[in-house]
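Enquirer: Protein chains in written order, with the numbering used here: chain A, 14 to 304; chain B, 14 to 304. Even for Gly, the Cβ is constructed at its ideal location relative to N, Cα and C.
2 protein chains.
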Amino acid sequence: MTLIGIDIGGTNSRVGTVSPEGRVLVRAAAPTDAARGSAATITTLLDMIHQVLSDSHARLSGPSAIGIAISGPIDVNTGIVSNPYTLGGWPPTDIVSPFRAAFQGAVVIAENDANAAAVGEWRVGVGRGANRFVMVTLGTGIGVGFLVDGQIQRGSNGSHGEAGHLVLDPSGPSCYCGAKGCWESLASGTALSNRLKDPSHMDRADYSRAIEQIAHWTGLALVNLCAVFSPDAIAIGGGAGAQFDLMKDSISEVMHQHRRLIRTDVPVLAAQAGDDAGLIGAALLAKDRQG
Amino acid sequence: MTLIGIDIGGTNSRVGTVSPEGRVLVRAAAPTDAARGSAATITTLLDMIHQVLSDSHARLSGPSAIGIAISGPIDVNTGIVSNPYTLGGWPPTDIVSPFRAAFQGAVVIAENDANAAAVGEWRVGVGRGANRFVMVTLGTGIGVGFLVDGQIQRGSNGSHGEAGHLVLDPSGPSCYCGAKGCWESLASGTALSNRLKDPSHMDRADYSRAIEQIAHWTGLALVNLCAVFSPDAIAIGGGAGAQFDLMKDSISEVMHQHRRLIRTDVPVLAAQAGDDAGLIGAALLAKDRQG
């Protein structure tokens, strides 16, 4: 029983064979290069699957289940991803069928990447034991997954809330989501590079200040998540999440300032499965679907 | 089997006998006058219970279950309310024991008023049939209850999130919660009267403008609730919620502006049980506890 996990991010994509316990056995990574279109990305991913299967000596048996974690709005019932934003202009794309066609007999599922990462961290990372768990992926964009007893919380039509676009400052920058001053516009990897592109923001002190701002807004966003969801634990992952050590004091400070009524005294932890959380979670969700 | 519902608000308190189907049979109301202290309020409430029981011709059998909906942070496990804010300086108060002592044999429970109102609207009001339901009480303060399949969503220690204190504008007014520009500071009944106390804000046009502002911030708060919770239906109740007709267009407009990624095309409805929602919900929760 070979499990494959795939994580399609705005910047990089990852493929791995995953053990039933959620350990990555063999992995491969490549730039997503979404601008070349979804067909090119899918071809690259299929090559990567063959490569990891070969490296796992599992080429002959093939995968029994494939889980795809993908950035942005995805209809988990149809497998259609509608994300022209962080996936450079893709039209609505059926991300599931090409993998079903290539690996007949395999169970193939797709899931929002933040939800998949939440499942990964809850099963094998820092979310273990949390009754109400929030996973934040700070990357090119910002994604948030919510679990109760390990189950993904979503709208009754299967929709994902997109809590990365919480409005935090109506006088903030415009976002592709239509809002001004949403969390992603203030604190994503894209927001960081926008700040650093400014010629007046190129030295080390200004880099620190940019990280500080991202941490501040992330702290405020976590206050709002606590007000609505009352989590027991929060994990921060994704590319920018790798800077968690630089951000954690500012995040704590903002949360502490808002502790009077809202229960913000919640552990905020660096994601443990790191970049693997999404593909591990997706692979395990696909395994669950095998029954 | 006589059910009693009590709703202790920052301004007024209500008591009623409630049928097992959630209909209010006899009701009484009085100013909460919290500044006189919790003991005085409890004495008034006990008098009101005797009055409605007498009017219901149920004085001899007494109540079998009493449900108390109360403004502000309450520990539903101990019945202790810790709300010095909208209940004028009350120290932490056991709100349950005096009613247990007065009506021995009766089941007595207490619940955050927004949660109780959510249950009331879900059972007998506009929330019927909603899988994921949000109830907002716009009154002296702002409370929010979240139900999934009719069950109150809360922190794993029983805590209430206090989503009325979502931060919406960090350059906004200071709130007793410790935040600047939280929803309650921008859009509660208190915020409205603060605006109208300003001598330059006394005419009809300025009243309209104040309502418009409250509607605007409430719309933005609902966008954030959609981003985190993905509701199927939202109800607006409470004292200021009675102005819903004046607010609904502005609320819709703000939600529509944010529809690109977040599923904000959710029905937003005036609460149907009105001021009775909290006491109905509390009474039915107490009935459920009887087993």
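One question on the structure: do Ser84 (chain B) and Thr99 (chain B) come within less than 7 Å of each other, judged by their Cβ atoms?
Expert: yes
Enquirer: Pairing CB atoms from the segment 48-62 of chain A with CB atoms from the segment 290-301 of chain A, are three or more of them under 8 Å?
Expert: no
Enquirer: I want to know whether the segment 30-38 of chain A touches the segment 15-22 of chain A - three or more CB-CB distances under 8 Å.
Expert: yes
Enquirer: Per DSSP, which residues does Arg217 (chain B) bridge with? Please list them.
Expert: Partner(s): none; Arg217 (chain B) has no beta bridge.
Enquirer: Taking 7 Å as the limit between beta carbons, can you name the residues of its chain near Ala236 (chain A), skipping five residues before and five after?
Expert: The question names Ala, but residue 236 (chain A) in the sequence shown is Val. Excluding sequence neighbours, Val236 (chain A) sits near Val267, Met268, His271, Ile275 and Thr277.
Enquirer: Looking at chain B, is there any beta carbon in it that lies within less than 7 Å of the beta carbon of Asn144 (chain A)?
Expert: yes
Enquirer: Looking only at DSSP bridge pairs, what is Gly102 (chain B) linked to?
Expert: BP columns for Gly102 (chain B) are empty, so no partner.
Enquirer: Around the C-beta of Glu124 (chain B), are 16 or more other C-beta atoms found within 10 angstroms, so that it is buried, or is it exposed?
Expert: buried
Enquirer: If distances are taken between C-alpha atoms only, which option among B:Gly102, B:Ala114 and B:Gly23 comes closest to Leu59 (chain B)?
Expert: B:Ala114
Enquirer: Looking at the strands, I want to know which residues DSSP matches up with Lys193 (chain A).
Expert: Partner(s): A:Ser187.
Enquirer: Under the criterion of a Cβ to heavy atom distance below 6 Å, does Gly287 (chain B) qualify as lining the ligand FAD?
Expert: Here there are no bound small molecules, and the ligand FAD is not part of this structure.
Enquirer: Starting from the C-beta of Ile165 (chain A), find all residues in its chain whose C-beta is less than 6 Å away, skip the five residues before and the five after it, and write them out in chain order.
Expert: Asn128
Enquirer: Just tell me which of B:Ser69, B:Val120 and B:Gly152 has its CA closest to the CA of Gly92 (chain B).
Expert: B:Val120
Enquirer: Taking the beta carbon of His178 (chain A) as the centre, do at least 16 other beta carbons fall within 10 Å, making it buried, or is it exposed?
Expert: buried
Enquirer: Could you name each continuous beta strand (DSSP E) segment of 3 residues or more that falls completely within the segment 111-157 of chain A, going from the start of the chain to the end?
Expert: 120-125 and 145-151
Enquirer: Which same chain residues end up closer than 8 Å to Ala43 (chain B) when comparing Cβ atoms and leaving out the 5 residues on each side of it in sequence?
Expert: Asn25, Ser26, Thr57 and Met61
Enquirer: Please state the DSSP three-state secondary structure of Gln166 (chain B).
Expert: coil
Enquirer: Closest to Thr231 (chain B) by CA distance: which of B:Asn170, B:Asp216, B:Cys190 and B:Gly156 is it?
Expert: B:Gly156
Enquirer: Within the 7 Å Cβ cut-off, does Ser95 (chain B) reach chain A?
Expert: no
Enquirer: Would you kindly report the start and end of the unbroken alpha helix (DSSP H) that includes Val279 (chain B)?
Expert: That residue, Val279 (chain B), is in no alpha helix (DSSP H); it is neither H nor E in DSSP.
Enquirer: With 7 Å as the C-beta to C-beta threshold (strictly closer), list the residues of the segment 155-177 of chain B near chain A in chain order.
Expert: Arg167, Gly168, Ser169, Ser172, Gly174, Glu175 and Ala176
Enquirer: What did DSSP end up calling Ala41 (chain B) once you bin it into helix, strand or coil?
Expert: Three-state result, Ala41 (chain B): strand.
Enquirer: Using a cut-off of 7 Å between C-beta atoms, extract the partners of Leu274 (chain A) located in chain B.
Expert: Among the residues of chain B, those whose CB is under 7 Å from the CB of Leu274 (chain A) are Pro86, Glu175, His178 and Cys190, following chain order.
Enquirer: Given this structure, state the Cα-to-Cα distance separating Arg36 (chain A) from Ile81 (chain A), to the nearest angstrom.
Expert: Separation of Arg36 (chain A) and Ile81 (chain A) (C-alpha to C-alpha, rounded to the nearest whole angstrom) is 16 Å.
Enquirer: Relative to the alpha-carbon of Pro86 (chain A), which residue among B:Arg273, B:Val180 and B:Ser172 has its alpha-carbon at the smallest distance?
Expert: The option with the nearest alpha carbon to Pro86 (chain A) is B:Arg273.
Enquirer: In the DSSP assignment, what residue or residues form a beta bridge with Ser159 (chain A)?
Expert: Per the sequence shown, residue 159 (chain A) should be read as Phe rather than Ser. Residue pairing by DSSP places Phe159 (chain A) opposite A:Val147 in a beta bridge.
Enquirer: DSSP three-state label for Asn90 (chain B), please.
Expert: coil
Enquirer: Report yes or no: is there a C-beta of chain A within less than 7 Å of the C-beta of His70 (chain B)?
Expert: Chain A contact via Cβ: absent.
Enquirer: Compute the Euclidean distance between the alpha carbons of His229 (chain B) and Asp182 (chain A), then round it to the nearest angstrom.
Expert: 14 Å
Enquirer: Quick one: what's got a C-beta closer than 6 Å to Tyr189 (chain A)'s C-beta in the same chain, skipping five residues either side?
Expert: Tyr98
Enquirer: How would you label Asp216 (chain B), buried or exposed, when you count the other beta carbons within 10 angstroms and need 16 or more for buried?
Expert: Label assigned to Asp216 (chain B): exposed.
Enquirer: Please check if any C-beta of chain B sits within less than 7 Å of the C-beta of Gln226 (chain A).
Expert: no
Enquirer: Spatial neighbours of Glu197 (chain A) within its chain, please: C-beta separation below 8 Å, excluding the five flanking residues on both sides.
Expert: Gly154, Ile155, Gly177, His178, Cys188, Cys190, Thr203 and Ala204
Enquirer: Where do the N-terminal and C-terminal ends of the beta strand (DSSP E) with Gly291 (chain B) fall, by residue?
Expert: In the DSSP assignment, Gly291 (chain B) falls outside any beta strand (DSSP E) and within the unbroken alpha helix (DSSP H) covering Ala290 to Arg302.
Enquirer: Do you know how far the Cα of Ala143 (chain B) is from the Cα of Pro280 (chain B)?
Expert: 10 Å
Enquirer: Check this for me: beta carbons of Val147 (chain B) and Leu238 (chain B), under 7 Å apart or not?
Expert: Result yes, Cβ atoms of Val147 (chain B) and Leu238 (chain B) sit closer than 7 Å.
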